[in-house]
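Q: Sharing a structure below in C-alpha cells format, with a few things to ask.
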C-alpha cells in the first residue's frame, strides 16, 4: 500500500488552511484533517494503511495530542508511523520534550510554511 497521507490534527481552522496550502502543493502527500482528538484517532484507524505521518497539536479540546499519541502507539499498526507534535506552548517557556518518553519531533507555533515543509520532509526521509 502507498503511504501517501499525512493526518493533520489541530482545532484551529487557520492552521489547517496553512497546512493545506503547503503540504499537498509542495510534497507528494495528501492531507487528511482532524479538528479534535477523537476524530484524529478515528481517521488514523481508517487510513492506517496509507498513513505516512501524524502531525498533531498538543492542546486539543477533548483528547489531547499526548493521548492521541499514546492511544495509537499502543496499537502495533501505528508503532512505525512517525509523529510530529506542534504547539504554541513554547511561548509560555515550557519544553514539551520533558513530557514525552520516546523520541518525537516537536515544532513550535507560530512557524513559517517553509519550516513545516522542511520538517515534514526530514522526518519522512528518515523512515
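In the numbering used here, the protein residues as written are 354 to 480. Glycine residues also receive a C-beta, built at the ideal position from the N, C-alpha and C atoms.
1. Could you spell out where the beta strand (DSSP E) holding residue 405 opens and where it closes?
2. Under 7 Å, do residue 404 and residue 434 count as touching if we go by C-beta distance?
3. Specify the secondary structure class of residue 457 as computed by DSSP and reduced to three states.
4. Let me know if residue 406 comes out buried or exposed under the rule of 16 or more other beta-carbons within 10 Å of its beta-carbon.
5. Flag this pair as touching only if the region 409 to 423 and the region 377 to 392 have three or more C-beta atom pairs under 8 Å; answer yes or no.
6. For residue 444, count the other beta carbons within 10 Å of its own beta carbon; 16 or more makes it buried, fewer makes it exposed. Which is it?
7. Straight-line CA distance for residue 398 to residue 372?
8. So, using beta-carbon positions, are residue 396 and residue 411 closer together than 7 Å?
A: Concretely, from the data shown:
1. Taking the chain shown and counting its residues from 1, the one referred to as residue 405 is at position 52. Where residue 405 is concerned, the enclosing beta strand (DSSP E) stretches over 404 to 410.
2. Here residue 404 corresponds to residue number 51 of the chain shown, with the count starting at 1. Here residue 434 corresponds to residue number 81 of the chain shown, with the count starting at 1. Closer than 7 Å, so yes.
3. For this step, residue 457 is matched to residue 104 along the chain shown. Of the three classes helix, strand and coil, the one that applies to residue 457 here is coil, per DSSP.
4. As a first step, residue 406 is located in the chain shown; it is residue number 53 there, counting from the start. Around the beta carbon of residue 406, 16 or more other beta carbons sit within 10 angstroms, so the residue counts as buried.
5. Taking 8 Å as the limit for Cβ pairs, the verdict is that the region 377 to 392 does touch the region 409 to 423.
6. Sequence index remark: in the chain shown, residue 444 carries index 91 (1-based). Residue placement at residue 444 is poorly supported in this model, since its pLDDT is 49, which falls under 50; the coordinates are not used for a value here.
7. Position 45 of the chain shown, counted from the first residue, corresponds to residue 398. Position 19 of the chain shown, counted from the first residue, corresponds to residue 372. A straight line joining the alpha-carbon of residue 398 with that of residue 372 spans about 21 Å.
8. Reading the chain shown from its first residue, position 43 is the one you call residue 396. Reading the chain shown from its first residue, position 58 is the one you call residue 411. Not closer than 7 Å, so no.
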